[in-house]
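So the protein lines, in turn, are chains A, B and C.
Here this note's numbering is used: the first residue of the first sequence is 28, the next is one more, and so on.
Here this note's numbering is used: the first residue of the second sequence is 271, the next is one more, and so on.
Here this note's numbering is used: the first residue of the third sequence is 8, the next is one more, and so on.
Okay, so here's the structure we're looking at.
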Amino acid sequence: MAADKVLNVKDLKLFFRTTKGVVRAVDGVDFTLERNRAVVIVGESGCGKTSLAKAILRLLPKNVDTYSGKVFLNDQETMKYTDEEYRTKVRWVKMSMVPQAAMNSLNPVLKVGDQVAEPAIIHNDMSKEVALQQAKKMFQQVGVPDDFINRYAFELSGGMRQRVTIAMSLMSLPELVILDEPTSALDVLTQANIFNVLKRIKKELGVSFILITHDIATSSELADDVAVMYAGQIVETGDASRFFDCPLHPYAIKLMDSVPRLRAKQEPDFITGKPPSLLNPPTGCRFKDRCPSRFERCDEEPPTYNIEGRTVKCWLYAKEGTNHND
Amino acid sequence: MTDTTQEKSQTIMTHDDDLKKRRENSLLSVQNLKVWFELRRLGFGTTGYVHAVDGVNFDLDYRETIAIVGESGCGKTTLMKSILALYQPTEGEIYFEGNPLSELKGYQMRQYRSEIGYVQQDPYGALAPFMNIRRILEEPMIINGINSKQERKDRIFNALEEVKLTPPGDFLEKFPHMLSGGQQQRVVLARAMLLEPKMIVADEPVSMLDASVRVEILRLMESLQERHDLAVIYITHDLSTVRYFSERVFVMYAGQLIEKTLIEDVVHDPKHPYTKALMEATSDPDANNALHYRDVPPGEPPSLVNPPKGCRFHPRCPYKIEGLCEVEVPPYFKTKPDQYVACWLYKDA
Amino acid sequence: MKGLLRNFKQYPSAIIGSILVLILVGIAIYTVIAIPYDEAIDQWRGGEDVRGAVPKTARPIYVNWFTSKKLPSTMVLDTTDPVEGVEKSEQDLGKGLRDINIVFRFDFNADDFPQELQVVMTSKFEDKNPFATLTWIKPDGTEIDLGDIGIKHSEIYRFQDSNLVEELQGVAPHIALFAVPESDPPEPMKGTYELHVDAIVFEEEADADAKFISFGQVHGIAGTDTRRRELSLALLWGTPIALSFGLLAAVGTSFTTMFIAATGVWFGGVVDESIQRVTEINMMLPFLPFLIMVGTFYSRSIWTMLAVVILLSIFGGSIKTYRAIFLQVKESQYIEAARSYGAGNWRIITRYLVPRIIPVLIPGLVSAIPSYVFLEASLAILGLGDPILPTWGKVINDARMSGALYNENYYWILQPAVLLMITGLGFALIGFALDRIFNPKLREV
């Protein structure tokens with residue numbers, strides 16, 4: 028039974044040119060997302076996860092050095108689209124994004140209703156009245172009262188503003204929404220509320236999510252699948268239940284170990300050293316300098332192995348898994 | 271850590287206890303503290319006050335660690351800054367080793383400041399970007415009259431070794447932007463330790479650091495605390511880190527401490543509905559979380575300009591008792607030897 | 008610092024600017040050493056006799072590089088300073104009379120006539136003064152009798168003898184004595200000329216000396232003005248004056264303003280409010296008219312002007328800019344930390360606030376230097392310059408008042424103007440580059 032893949036990314040690369048050299052922010056990323064599931068991309072700061080989101084949505088800055096690979100949206104190869112086609116057919120039509128600190132980026136001089144309606148007016152050719160109606164519906168979906176259409180951003184609390192930006196991303200009823208650190212600036216209770224909203228949207232609107240975060244604990248609230256990113260590469264993917272129970276990649280294991288748990292008794296661990304710079308990533312496995320299980324083969328870059336539907340980019344699994352690229 | 275907890279239970283006192291006895295027996299005694307900020311409208315009179323801290327009472331003993339947990343806007347930052355004497359109390363008083371802070375002047379105030387180490391949330395912001403590490407670490411000592419260059423040098427070397435920035439010589443000439451977040455925070459810790467303080471106040475010391483580094487810094491703080499017999503006030507919104515670092519936990523909401531309890535009880539036996547909500551909302555990584563909704567109260571923390579009457583949590587509380595909670599402010603009820611809850615649900619405790 | 012220099016070298020504009028400024032500084036240092044202040048003032052103020060052989064409104068020498076018609080430069084032949092072309096011999100005429108025969112021989116190859124001719128004669132005697140006869144011999148052999156004159160200690164013969172005038176048929180001597188005959192318009196004859204001064208002395212110990220001066224149409228590296236002053240003096244000395252004024256004003260103003268802003272922001276409340284009000288009032292005061300009033304009614308000394316300029320500028324608009332930056336910086340975490348480990352107010356202001364403003368201050372300061380230089384020049388042009396000092400503005404003022412442009416003496420105005428422009432350009436280029444270095448956000452990616 029072939030699962031319906033809403034997104035399939037193959038060998039995606041995004042490099043930036045800076046005064047110090049070329050930053051290899053996204054260095055050959057493969058992953059897939061099935062319909063109506065949420066994948067969480069976890070990684071620490073500087074691992075390239077925000078750049079990955081931008082690469083998928085083709086929101087590129089001016090200093091791009093390399094942008095290559097294949098991005099299949101519903102089996103349609105979008106890399107071939109021109110920028111204009113991409114803008115009219117994909118971005119904010121099929122895919123949308125809630126960027127980091129979006130709640131602070133609301134225009135202070137426009138009413139929130141107008142702002143939320145704007146994408147629909149532009150991308151879906153809706154008239155203003157229809158768009159505002161749609162906005163009200165989305166407000167309901169995210170739990171914001173109707174009359175907030177006429178309010179301004181500064182009148183809303185942080186949690187409300189974040190809900191508004193989520194509503195904005197849903198206006199065209201996209202198939203895929205990318206959320207970049209949606210709750211990192213919010214309090215615990217508000218965070219839980221936002222995730223409740225996301226869970227409901229996933230259930231009622233059938234949206235697929237890519238959630239980008241460094242907060243593993245909270246990510247489990249939404250995750251069906253997990254992808255771990257390190258130094259511009261995806262080092263492990265898998266479904267959430269197997270991942271949280273038993274991660275495979277040494278980095279993922281250490282990462283899970285370093286999460287302080289409220290209810291369990293274990294003492295958390297930490298990882299020594301720091302992640303490599305994306306300017307000059309080391310040859311071979313990028314985690315080798317901090318890996319407790321390092322051995323000679325690690326000086327060569329490991330392939331990605333398939334193990335029962337999960338993938339790991341680590342030599343330790345050479346025997347067990349089948350090579351992903353075969 | 272558990273042994274000292276037993277000892278400490280005698281020092282937690284209720285409101286009724288003699289204020290004098292409290293401040294004589296503890297390192298820090300915060301008594302009926304209120305810190306209000308005036309809202310001025312173009313200089314024509316006052317439109318109201320922000321009741322940032324609205325009646326806080328607690329004592330901190332020597333070598334004790336406590337955590338103050340609360341969401342943003344609950345007043346914990348103001349409370350902390352009042353302890354650091356950066357704000358003046360509107361009412362009430364803070365006593366350090368029996369002396370009221372409001373009566374300290376000039377030299378005495380500097381003396382007080384040298385007894386407290388301050389660890390801030392943003393490690394990069396806490397370090398002057400135009401000073402190198404050596405100068406950053408020398409500043410507190412120069413200000414507090416440690417004039418011998420050799421002694422300053424020795425202290426700096428010791429401090430850097432203690433926070434595991436070794437070899438110290440490598441770091442002295444560097445500037446803050448050359449260090450990673452974790453290293454920066456270590457410098458902040460080193461700076462806090464230089465004057466051999468009795469107490470450390472840490473405001474979200476790890477929330478801006480990467481996950482893999484957080485625990486390292488918390489462990490470091492723990493070892494520093496043990497080795498130097500420090501009292502620590504650890505302020506955070508993240509309950510999951512509190513376990514590894516504190517004996518007692520105070521939960522703060524809308525300017526007041528609504529629950530004071532031991533760390534184990536916060537996790538396994540929270541009493542106040544707000545504390546319960548916090549527990550419910552804090553996730554551990556578990557795939558099952560995605561399968562159900564979390565039962566958390568809706569709404570937002572109240573505005574501190576016009577806080578709700580009675581119990582401030584009542585507009586959001588699922589267990590509200592009609593006619594009581596929205597009218598009268600609940601006092602502390604002692605539900606266990608070391609557990610105090612300001613909630614009418616426990617009025618028979 | 009090293010990083011700063013490295014960054015600096017990256018900008019071609021900065022390098023050009025630095026070269027210009029270094030040239031100016033070099034000129035300033037050289038001038039102060041080579042021509043001491045007192046000497047310079049004396050030369051600038053002194054009367055005509057102090058200067059000696061300087062023509063009026065002569066163009067700079069370099070003009071000859073650009074014209075096909077070569078203008079003559081000043082030539083001085085002095086018997087007391089014997090060089091080739093000066094001969095002095097004696098002839099005994101008997102009866103105690105001697106003939107001191109002085110011959111000046113020189114080549115004249117210019118395409119235009121000298122401005123003026125003079126023979127300065129000095130003599131030593133007890134009772135009877137020597138008596139001289141002057142003869143002029145052109146290259147083609149023509150001899151012209153210039154007349155006779157008695158030499159009393161010091162005598163200046165200006166070629167205005169009535170007989171000479173008649174002999175030259177009304178043509179001015181400095182033209183006629185050099186002209187090719189029958190040339191119209193007159194052209195100078197090129198070749199070797201001779202001037203004979205025969206001085207008859209009547210005493211044993213008497214002696215006579217002569218100095219022949221042909222005032223050129225070009226003189227000096229910068230020309231001269233109507234008062235026979237070499238402009239190079241004013242242009243050279245104007246450099247250190249301009250630079251010092253600009254630097255002192257810029258530095259004095261910037262640092263004082265910064266401290267005022269920092270104090271206001273840090274102490275807040277009444278202090279801040281009063282500083283703001285004073286600033287606002289000060290910004291409304293008319294700057295130049297005020298200076299003019301001070302200059303007219305009180306003193307035009309450059310030190311007074313400098314002081315008044317600084318006083319009026321320290322509460323200027325930059326206070327608002329600095330204040331905005333300080334307000335932001337004041338909220339920084341590290342300042343809070345400093346308060347928590349006991350730093351006092353002044354320490355925080357000087358060591359924690361001020362260093363944050365330096366990246367904004369320095370480029371601003373450098374860019375402000377030329378405006379103060381121009382200000383000083385403007386005051387001079389308005390007639391309010393320091394009465395003693397030779398400055399560029401003074402030169403322009405003199406030129407203007409003497410109708411320089413009307414008289415086609417462009418060099419008189421152009422030279423100081425160019426120096427002012429170079430100053431402005433040099434500092435501006437450096438200032439812009441510094442701005443880009445200190446404020447990386449202004450750089451291109």
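Ideal Cβ placement from N, Cα and C applies to all residues, glycine included.
Just so it is clear, the structure is predicted and the values come from calculations on it, not from any experiment.
Can you tell me which of the three DSSP states residue i falls into?
| i | result |
| --- | --- |
| H705(B) | Here chain B comprises residues numbered 271 to 619, so residue 705(B) is not present and cannot be evaluated. |
| V285(C) | helix |
| V452(C) | The pLDDT assigned to V452(C) is 45, lower than 50, so where the model puts this residue is not dependable, and the model offers no usable value. |
| R66(C) | strand |
| L197(A) | helix |
| W143(C) | strand |
| F603(B) | strand |
| S75(C) | coil |
| E156(A) | helix |
| M28(A) | With a pLDDT of only 38 at M28(A), under 50, the local geometry of the prediction cannot be trusted, and the value read off the model is given with reservation. The answer is coil: DSSP assigns M28(A) none of H, G, I, E or B. |
Starting from residue i, trace the alpha helix (DSSP H) both ways and give me its first and last residue.
| i | result |
| --- | --- |
| T45(A) | No alpha helix (DSSP H) contains T45(A), which is instead part of the beta strand (DSSP E) from K32 to T45. |
| S516(B) | Note, S516(B): premise wrong, no alpha helix (DSSP H); not H, not E. |
| T246(C) | L238 to F274 |
| H498(B) | A481 to H498 |
| D440(B) | P438 to L442 |
| T310(A) | First-last for T310(A): undefined, no H or E at that position. |
| S169(C) | S169 to E174 |
Between which two residues does the beta strand (DSSP E) harbouring residue i extend?
| i | result |
| --- | --- |
| L104(C) | L104 to F115 |
| M122(A) | M122 to V125 |
| K107(A) | That residue, K107(A), is in no beta strand (DSSP E); it is neither H nor E in DSSP. |
| F58(A) | G48 to E61 |
Across which residues does DSSP place residue i in a beta bridge pair?
| i | result |
| --- | --- |
| G318(B) | L309(B) |
| Y365(B) | S299(B) and P370(B) |
| T506(B) | V339(B) |
| T81(C) | DSSP lists no partner for T81(C). |
| S95(A) | K40(A) |
| Q125(C) | I220(C) |
| G101(C) | L104(C) |
Mind checking whether residue i and residue j have CB atoms under 7 Å apart?
| i | j | result |
| --- | --- | --- |
| G259(C) | I317(C) | yes |
| V519(B) | A355(B) | no |
| R456(B) | L435(B) | yes |
| F434(C) | P377(C) | yes |
| S384(B) | L465(B) | yes |
| T199(C) | D114(C) | yes |
| R64(A) | D242(A) | no |
Mind checking residue i: buried by the 16 CB within 10 Å criterion, or exposed?
| i | result |
| --- | --- |
| W72(C) | exposed |
| V575(B) | exposed |
| R165(C) | exposed |
| C273(A) | exposed |
| W353(C) | exposed |
| L11(C) | exposed |
| N220(A) | buried |
| W342(A) | buried |
| G157(C) | exposed |
| Q280(B) | With a pLDDT of 29 at Q280(B), under the threshold of 50, the modelled position of this residue cannot be trusted, and the question is left open. |
| G253(C) | buried |
| N116(C) | exposed |
| R66(C) | buried |
| Y418(C) | buried |
| G177(C) | exposed |
In the stretch 174 to 197 of chain A, which residues sit with their C-beta less than 7 Å from some C-beta in chain D, listed in chain order?
-> Here chain D cannot be found, since the structure's protein chains are A, B and C.
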